[in-house]
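In the working numbering, the protein residues as written are 1016 to 1116. C-beta: ideal position from N, C-alpha, C; glycine also. Here the structure comes first, spelled out in structure tokens, and everything after it is commentary.
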Amino acid sequence: MDTSVSTLQSQARIQLSGRFDFNSHREFRDAVDKALGSPGTTEVAVDLGNVAYLDSSALGMLLMLRDKAKTSGKTVCLANARGSVRQVLDIANFGKLFPIV
């Protein structure tokens, strides 16, 4: 999986691409730390538009991000989820935990 972090005004955006699974843990954690450490940000958006696959460990990593963000006083949203990725999020009821835009 490839990750990149960008900041625009008060939003940090974590752009993911490829397979989001257990093997992506280190890259995702590094991106989370960078996004949460961006000064002046109040929201973190995880862009899933280029993610082809995610599994239960990816769901766990998203929950970890949510907990860390809450501790930092920031919110998290999931963006551009479609196809099988959106289906997994819907089955896991992540729409009740995150805004999905």
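Using the Cβ count rule (16 or more neighbours within 10 Å means buried), how would you classify residue i?
i	result
residue 1085	exposed
residue 1097	exposed
residue 1116	exposed
Would you say residue i and residue j are within 8 Å of each other, going by their C-beta atoms?
i	j	result
residue 1030	residue 1082	no
residue 1035	residue 1069	yes
residue 1018	residue 1042	yes
residue 1090	residue 1053	no
residue 1025	residue 1055	yes
residue 1087	residue 1037	no
Since residue i contacts residue j with CB under 8 Å, what's their CB separation in whole angstroms?
i	j	result
residue 1033	residue 1059	Not confirmed; about 20 Å, so no contact.
residue 1080	residue 1107	About 15 Å separates the two Cβ atoms, so there is no contact after all.
Original post:
Which full runs of the beta strand (DSSP E) of 3+ residues lie inside the stretch 1023–1104, going along the chain?
Top reply: Qualifying beta strand (DSSP E) stretches, in chain order: 1026–1035, 1058–1069, 1090–1094.
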